[in-house]
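Visitor: If you scroll down you'll find the structure; I have some questions about it.
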Amino acid sequence: MASLTIKNAVKRYGHVEVLKGVSIDLRDGEFLVLLGASGCGKSTLLNMIAGLEDLTEGEIMIGDRVVNDVHPKDRDIAMVFQSYALYPTMTVGQNIAFGLEMRGVPKAERALRVEQVAKTLRMDHLLDRKPAQLSGGQRQRVAMGRALVRDPEVFLFDEPLSNLDAKLRLEMRTEIKRLHKRLNATMVYVTHDQIEALTLADRIAILKDGEVQQLASPAEIYEHPANMFVAGLVGSPPMNFLDITVEAGEAGPAAWVTLRADGADKPVLLDLSAHTARLDGYVGRKVVMGLRPEMISQGTTDAGQCVQCEIDVTEATGADTLCVLNWNNQEVLARGTSGYTKILEGTMDFTIETERACLFDPESGLRLD
Amino acid sequence: MSDAARYSAPRPWSALIMRLLLWFVLIVFAIWFLLPAYVVVGTSLKDLDEIRGGSLLALPHELNFSAWRHAWSEACIGVECTGLKPYFWNSVSMALPGVVVSTLLGALTGYALTKWKFKGANLVFALILFGCFVPFQVVILPMAQTLGKLGITNTVYGLILVHSVYGLAFTTLFFRNYYVTIPDELVRAATIDGAGFFTIFRRIILPLSPPIIVVSVIWQFTQIWNDFLFGASFTTGGAQPITVAMNNLVNTTTGVKQYNVDMAAALITAAPTLLVYIFAGRYFVRGLTAGSVKG
């Protein structure tokens, strides 16, 4: 196992800058997820770690060795591809053993290691089959086996679950998590699925337009997103963004909010005194308030400020019933009750946990800290 | 009129007439195309008396293979009366290496152009493709000079070289277009696994190639076997391929024109390509339409 250091990695194709100076430090055994929409540069970064693409500028180190000019096969990495990239004409066993064969591992040892890996991944009965005879999930396992058998310093995953159906994806996600726990290996995992990122990662690096937006633990990213892009990307259902104007209230900053669909009611003054320090200098100016749906819950509790809102639409998802509210003429999603315990309609009480809200500067999009 | 009536099937008798008309047209065209072939085969099985006495379309009285034997081993080509046999083997020893070399090189070029993209790879491909459109007559003089410099004029090796070089444009096109459909991730995975350029070619790419290899082999075999121009231009006498020899056989007449021998010679010359199409034809179509190789 080894640490992985990326120093100011830049990638340019002609005049197009795909990566604009990315620096990430991974300690030994850490699980890093690179999260971002397609075209953000996350796959390019992974390919650069693998050695499949050159860096324009910067440095990549595996352990304490600079690997910029080291051939992929000598970097001691293994990669799982989105399409699995199994060799179609070889059997599962040959697929797994290919890397060992190329490294001159004797045949007897090869067979032994393939068998071990096959047992670990519960596919020892598949070794003689061709990839075309396998289901999607089985192919996925073979791809993992091919990486595992090499026992590399760093594992690289390029959206390995995106070709699986929803149920299998959940299973394999757990499998990968278990694998990481057992091997305690350094892993870099590329995905555009924020749930995968949140569940798997020790740390997440969120990329946009070739720049790291935030590099932090899943909890930190969820609770304290660095900017509106991160806040909008992570979390399902996504965070509500409410445009408000900060006023000077009696106890500190506050904002007027209308809570009815037609906006005809008297506005309610939302108490933002918990954010006094943050909103210093913003009185009289517009800010964006980010509220996750679970910060607006149905009923009266003492967790936050209670208000009466008119419910526009409800969406029952089974586990939760979501309510679409209408504040300041903007749609706001709230988590109503859990399950089907109560019929939600008309005007009801909601508790807003304004303390936990995130506040963003509307121009820069950065979170006010 | 109700919808049901409007869309009901046409009456049986009109359908029958259409069907009969269809068969009639198909049969007429089949006869049209098969008639020359029938005349060639039929004439080759007749003796000269029968040819002179009977109709062109009459069936031969008996299966008489003497014209075939004569064409194969006795007929005079120029002054040598050896039949087509030695020239047949000339063609075999030219076509087989020519096919193997041009197919293998085409596979390698196609692989390099798709899986190891370098700057200007597309330009190189476009230039190679250009070779498909160069008429062979244009290159005869420079090629004759080249063969002269290399000292392989009037040899089978010279023809192998010429056919390998001019086949490359087509074989590269075949393999390049086939390899484009093989996912690049396979090559990436193999690279990380530690395989190099040739190992990946041999272990991963080539095993995926049989459909397109069949296409390339059929195409190249037909081209090389049927070539007349290069054979006539670059060889004389004993080194000639069968196409040129057959032409000379037909033109070498002493006294009576032996139509039956000429026909037999033509069939012997055409036989190998015919056989290749009969046995591998369906792989040819399958290979041309072969798409992705989803693993």
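Chains as they are written, first to last, in UniProt numbering: chain A, 1 to 369; chain B, 1 to 295.
The beta carbon of each residue, even a glycine, is placed where N, CA and C say it ideally should be.
If you run the structure through DSSP and keep just helix, strand and coil, what is B/G106?
Guide: Note: B/G106 maps to helix in three-state DSSP.
Visitor: Mind listing which residues of the segment 162-186 of chain B have their C-beta closer than 8 Å to chain A's C-betas, in chain order?
Guide: So the close ones are P183, E185 and L186.
Visitor: Going residue by residue through the segment 20-70 of chain B, where are the continuous alpha helix (DSSP H) segments of at least 4 residues, counting only ones entirely within it?
Guide: Complete alpha helix (DSSP H) runs here, min 4: 48-53.
Visitor: Could you name the residues of the segment 199-230 of chain B whose beta carbon sits closer than 8 Å to any beta carbon of chain A, in the order they occur along the chain?
Guide: Here the close residues are T199, R203, I204, P207 and L208.
Visitor: Check whether the segment 142-155 of chain A touches the segment 82-97 of chain A, taking contact to mean three or more Cβ pairs, one atom from each stretch, closer than 8 Å.
Guide: Touching, per the Cβ criterion.
Visitor: Tell me the residue span of the beta strand (DSSP E) that contains B/D227.
Guide: From DSSP, B/D227 is part of no beta strand (DSSP E); its letter is neither H nor E.
Visitor: Along chain B, which residues have their Cβ under 7 Å away from the Cβ of A/S83?
Guide: Going along chain B in sequence order, the residues near A/S83 (Cβ under 7 Å) are P183 and E185.
Visitor: Residues bridged to A/T191 by DSSP?
Guide: In DSSP, A/T191 forms a bridge with A/L35.
Visitor: Could you check if B/S292 is buried or exposed, using at least 16 other CB atoms within 10 Å of its CB as the buried criterion?
Guide: Per-residue confidence for B/S292 stands at a pLDDT of 37, beneath the threshold of 50, marking its modelled position as unreliable; the derived number appears in the next sentence. B/S292 comes out exposed.
Visitor: Could you pull the DSSP bridge partners for A/N240 from this structure?
Guide: A/N240 is bridged to A/L291.
Visitor: If you draw a straight line from the alpha carbon of A/A166 to that of A/E196, how long is it in whole angstroms?
Guide: Rounded to whole angstroms, A/A166 to A/E196 spans 12 Å at the Cα level.
Visitor: Which residues in the same chain have their Cβ closer than 7 Å to the Cβ of A/G39, if we skip the five residues on either side of it in sequence?
Guide: For A/G39, where only same-chain residues beyond five positions count, there are no Cβ hits under 7 Å.
Visitor: Given a threshold of 16 other Cβ atoms within 10 Å of its Cβ, counted over all protein chains shown, does A/D74 qualify as buried or as exposed?
Guide: So A/D74 ends up on the exposed side.
Visitor: Using only the alpha-carbon positions, how far apart do A/T317 and A/T341 sit?
Guide: Straight-line Cα distance between these residues: approximately 13 Å.
Visitor: If you draw a straight line from the alpha carbon of B/Y87 to that of B/L45, how long is it in whole angstroms?
Guide: Between B/Y87 and B/L45, the C-alpha separation is close to 22 Å.
Visitor: Can you list, in chain order, the residues of its chain with a C-beta nearer than 8 Å to that of B/I51? Leave out the 5 residues immediately preceding and following it.
Guide: Correct list, in chain order: T43, Y259 and N260.
Visitor: Could you please give the first and the last residue of the uninterrupted beta strand (DSSP E) stretch that includes A/V307?
Guide: Element bounds for A/V307: Q305 to A316.
Visitor: Determine the extent of the beta strand (DSSP E) in which A/M348 is found, giving its start and end residues.
Guide: T347 to I352 is the extent of the beta strand (DSSP E) around A/M348.
Visitor: When we look at the beta-carbon of A/V287 and count the other beta-carbons within 10 Å, is it buried (16 or more) or exposed?
Guide: So A/V287 ends up on the buried side.
Visitor: For B/M1, is the classification buried or exposed, using 16 other Cβ atoms within 10 angstroms of its Cβ as the cut-off for buried?
Guide: Low local confidence applies: a pLDDT of 46 at B/M1 is under 50, so the model's placement there is unreliable, with the coordinate-based value given in what follows. Answer is exposed; the Cβ neighbour count stays below 16.
Visitor: Using a Cβ cut-off of 7 Å, pull out every chain B residue sitting near A/G145, in sequence order please.
Guide: Within chain B, no residue comes near A/G145; the closest Cβ sits about 13 Å away, beyond 7 Å.
Visitor: Let me know if B/Q220 comes out buried or exposed under the rule of 16 or more other beta-carbons within 10 Å of its beta-carbon.
Guide: Buried, because 16 or more other Cβ atoms sit within 10 Å of the Cβ of B/Q220.
Visitor: CB A/G99 to CB A/R150, shorter than 7 Å?
Guide: Yes, these two residues count as a Cβ contact at 7 Å.
Visitor: Give the interface partners of B/R188 over in chain A, defined as CB-CB distance under 9 Å, in chain order.
Guide: Within 9 Å Cβ-Cβ: N47, A50, L52, P72, M79, F81 and A85.
Visitor: In the DSSP assignment, what residue or residues form a beta bridge with A/F157?
Guide: Paired residues: A/V80 and A/Y189.
Visitor: Go through its chain and collect everything with a Cβ distance to B/T109's Cβ below 6 Å, but skip five positions before and after it.
Guide: The residues are T172.
Visitor: Could you pull out every residue in the same chain whose Cβ sits closer than 7 Å to the Cβ of B/A15, ignoring the five residues on either side in sequence?
Guide: Around B/A15: no qualifying Cβ.
Visitor: Can you name the start and end residues of the beta strand (DSSP E) that A/L46 belongs to?
Guide: Unbroken run through A/L46 is the alpha helix (DSSP H), K42 to A50; no beta strand (DSSP E).
Visitor: Can you grab the Cα-Cα spacing for the pair B/S73 / B/M263, in whole Å?
Guide: Their Cα atoms are separated by approximately 15 Å.
Visitor: Can you give me the start and stop residues for the alpha helix (DSSP H) that A/M123 sits inside?
Guide: Premise fails: A/M123 is in no alpha helix (DSSP H) and is neither H nor E.
Visitor: Taking just the CA atoms, how far does A/V190 sit from A/P72?
Guide: Each residue's Cα considered, the two are about 18 Å apart.
Visitor: Please decide whether A/F98 counts as near chain B, where near means a Cβ-Cβ distance under 7 Å.
Guide: Answer yes: the Cβ-Cβ gap between A/F98 and chain B drops below 7 Å somewhere.
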